[in-house]
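Here is the structure we will look at.
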Amino acid sequence: MAGEIDNHTVAKAYARWAPIYDFVFGAVFDAGRKASIAAAERIGGRILDVGIGTGISLTDYSPANRIVGVDYSEPMLRKAHERVVEYKLAHVEALAVMDAQRLGFPDAFFDVVVAQYVITTVPDPEAVLGEFARITRPGGEIILVNHLGAEAGLRRAFEQGFAPVARRLGWRPEFAWARLAQWAERHGGVRVVERRAMPPLGHFSLIRFERAAPVAQPAAAPAKGYAGPALVAQPGLARGPLP
Ligand SMILES: C[S@@+](CC[C@H](N)C(=O)[O-])C[C@H]1O[C@@H](n2cnc3c(N)ncnc32)[C@H](O)[C@@H]1O
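Residue numbers are given in this note's numbering: position 226 of the sequence shown equals residue 243, and the series is strictly consecutive.
Structure representation (structure tokens):
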């Protein structure tokens with residue numbers, strides 16, 4: 018449900034995680050990151066990595082693609098920027114502080130949108146998915162990799178019990194697959210093309226949505242603060258729309 022997590026809590030949580038994030042979540046999430054990048058690169062082109070965090074995935078993308086990364090947390094994104102500089106990642110077109118719920122890009126701007134371990138951390142996942150669909154070109158894909166809550170049993174009970182603590186750490190452990198499937202059905206302009214179990218323990222999933230022809234609706238104006246071509250030309254910490 019929207020509003021269970023707010024941006025303030027997320028910003029505070031990830032400011033704390035930033036210095037130790039790679040150490041804690043580097044290896045454990047690596048298989049999912051690599052699988053989602055392999056899926057994205059089957060399409061290739063301009064790829065948006067949302068919630069790119071410390072940029073831990075950046076060195077896994079082929080230099081043949083053009084990568085734009087956004088994150089709500091400036092401390093996390095600073096680490097990504099350091100990585101771009103350290104590894105001279107010329108295929109990274111831009112990094113910007115931006116809220117995934119209001120992405121400052123034109124419609125159908127990207128070939129692929131990737132979100133690794135992000136959808137359960139945002140206050141309004143359906144709004145974020147709506148933005149992903151808006152900025153993905155027809156025929157392009159939205160690729161998520163994420164922990165999904167168990168539908169029954171002991172794991173479900175544990176995840177529900179742990180949820181209040183997890184929210185303070187910045188995510189929802191009980192987030193159900195049904196929410197993503199229902200969003201796709203309601204949206205009408207996307208279809209689920211794959212759902213694959215991922216390590217660790219198969220409690221994670223890789224999910225691919227294909228973008229169909231655009232839904233007839235008034236074109237949304239680019240959100241205030243979008244830096245336009247300058248954002249794309251200038252890797253660094255461009256500041257996109259924040260509340
Ligand atoms: C669990 S981390 C995942 C980081 C990285 N993608 C990875 O593979 O490790 C979640 C990231 O999503 C970002 N995030 C949370 N809410 C966001 C929002 N509304 N807009 C953009 N990024 C957000 C957090 O700041 C954090 O960097």
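C-beta atoms are modelled at their ideal positions from N, C-alpha and C, and glycine is treated no differently. Since we're looking at a predicted model, the values are computed, not measured.
Rounded separation between residue i and residue j - CA only
i: G20; j: V209; result: Bear in mind that the predicted position of G20 carries a pLDDT of just 43, short of 50, making it too unreliable to give a figure here.
i: P260; j: G166; result: With a pLDDT of 44 at P260, under the threshold of 50, the modelled position of this residue cannot be trusted; read the value that follows with caution. Going by the C-alpha atoms only, they are around 29 Å apart.
i: H164; j: A107; result: 31 Å
i: L197; j: R172; result: 20 Å
i: T26; j: A183; result: 11 Å
i: L94; j: F179; result: 28 Å
i: E176; j: H220; result: 11 Å
i: V139; j: I22; result: 7 Å
i: D5; j: D39; result: Lying before the first or after the last residue shown, residue 5 is absent from the chain, which here runs from 18 to 260.
i: V114; j: A81; result: 24 Å
i: A214; j: V207; result: 21 Å
Heavy atom of ligand 1 within 7 Å of residue i beta-carbon
i: S222; result: no
i: N163; result: no
i: A113; result: no
i: T138; result: yes
i: G70; result: yes
i: Y89; result: yes
i: R50; result: yes
i: I152; result: no
i: N24; result: yes
i: S79; result: no
i: V278; result: Lying outside 18 to 260, the shown extent of the chain, residue 278 is not represented and no answer is given.
According to DSSP, residues forming a beta bridge with residue i
i: E227; result: E158, R208
Pairing CB atoms from the stretch 110-128 with CB atoms from the stretch 34-41, are three or more of them under 8 Å?
-> no
At which residue ranges does the stretch 148-207 contain complete alpha helix (DSSP H) runs of 4 or more residues, listed in the order of the chain?
-> 170-186, 194-204
Within the chosen definition, does the stretch 126-140 reach the stretch 97-107 through at least 3 CB pairs nearer than 8 Å?
-> no
Where are the alpha helix (DSSP H) runs, 4 residues long or more, that stay fully inside the stretch 94-157, in chain order?
-> 142-152
Check whether the stretch 218-229 touches the stretch 141-156, counting contact only when three or more Cβ pairs, one atom from each stretch, lie closer than 8 Å.
-> yes
Jot down the residue ranges of each uninterrupted beta strand (DSSP E) in the stretch 29-93, minimum 3 residues, whole runs only, in chain order.
-> 63-67, 83-88
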